[in-house]
Amino acid sequence: MTETIRVKTTKHTSVVNITPQVKDIVSRSGVKDGLCIVYVPHTTACVFINEGADPDVVKDIIYMLEKLVPWNDPRYEHGEGNSAAHIRSAVIGNSRVIPVVDGKLALGTWESVFLAEFDGPRERKVIVKVIGD
Ligand code: ZN
């Protein structure tokens with residue numbers, strides 16, 4: 094089963110918790126034992142899994158990513174002027190694989206699945222594929 098989640102980001106950098114939508118797709122897939130692939134087909138966006146309980150963790154991740162990969166750098170060559178968004182996306186990665194056990198995502202207690210967009214606002218697609226059984 095493959096479904097697409099559509100996410101409208103609202104800021105230049107947005108991190109959106111998509112765990113409820115991913116869980117819903119897994120639940121409706123009927124798969125009890127398998128894998129859930131979460132994939133973003135966009136070059137300035139990425140998917141990551143991290144703490145969803147304390148929103149300050151995501152704030153700190155954004156803060157440090159912006160510090161590690163500055164928006165402006167005289168050596169950037171990409172003409173669109175959004176190289177930092179491409180680099181942040183590439184460093185984090187555009188997909189994650191989550192085990193499905195007993196019909197549920199095997200996320201840790203504090204874990205959530207996030208879409209991040211670094212050159213928004215934009216409307217983004219997240220492709221979720223559930224395989225197994
Ligand atoms: Zn670009």
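Counting from 94, one number per residue, gives the positions in the sequence shown under this note's numbering.
Glycine included, C-beta positions come from ideal geometry on N, C-alpha and C.
Quick caveat, the model's predicted, so the values are computed rather than measured.
Can you determine whether any heavy atom of the ligand ZN sits closer than 8 Å to the C-beta of residue 175, and answer yes or no? Counting from 1 along the sequence shown, the entry for residue 175 is found at position 82. Judged by the Cβ position, residue 175 qualifies as a neighbour of the ligand ZN at the 8 Å threshold, a heavy atom of the ligand being closer than this.
Flag residue 171 as yes when its Cβ comes closer than 8 Å to any non-hydrogen atom of the ligand ZN, and as no otherwise. Reading the sequence shown from its first residue, position 78 is the one you call residue 171. For the ligand ZN, at least one heavy atom lies less than 8 Å from the Cβ of residue 171.
Which first and last residues belong to the beta strand (DSSP E) in which residue 126 is found? Position 33 of the sequence shown, counting from 1, holds the residue named residue 126. According to the DSSP assignment, residue 126 belongs to the beta strand (DSSP E) that extends over 126-132.
Among 103, 155, 130, which residue has its Cα nearest to the Cα of residue 198? Walking along the sequence shown from the start, residue 198 turns up at place 105. Closest by C-alpha distance to residue 198, out of 103, 155, 130, is 130.
In DSSP terms, what residue 107 is bridged to: Counting from one through the sequence shown, the residue named residue 107 turns up at place 14. 210.
Which class does residue 138 belong to by DSSP, given the choice of helix, strand or coil? Counted from its first residue, the sequence shown places residue 138 at position 45. Assigned with DSSP and collapsed to three states, residue 138 falls in strand.
Any alpha helix (DSSP H) of 4 or more consecutive residues that is wholly inside the stretch 129-205: Taking only runs of at least 4 residues, the alpha helix (DSSP H) segments lying wholly in the stretch 129-205 are 148-161, 176-185.
For residue 105, verify whether its CB is less than 8 Å away from any heavy atom of the ligand ZN. Stepping through the sequence shown from its first residue, residue 105 is reached at position 12. Relative to the non-hydrogen atoms of the ligand ZN, the Cβ of residue 105 never comes closer than 8 Å to any of them.
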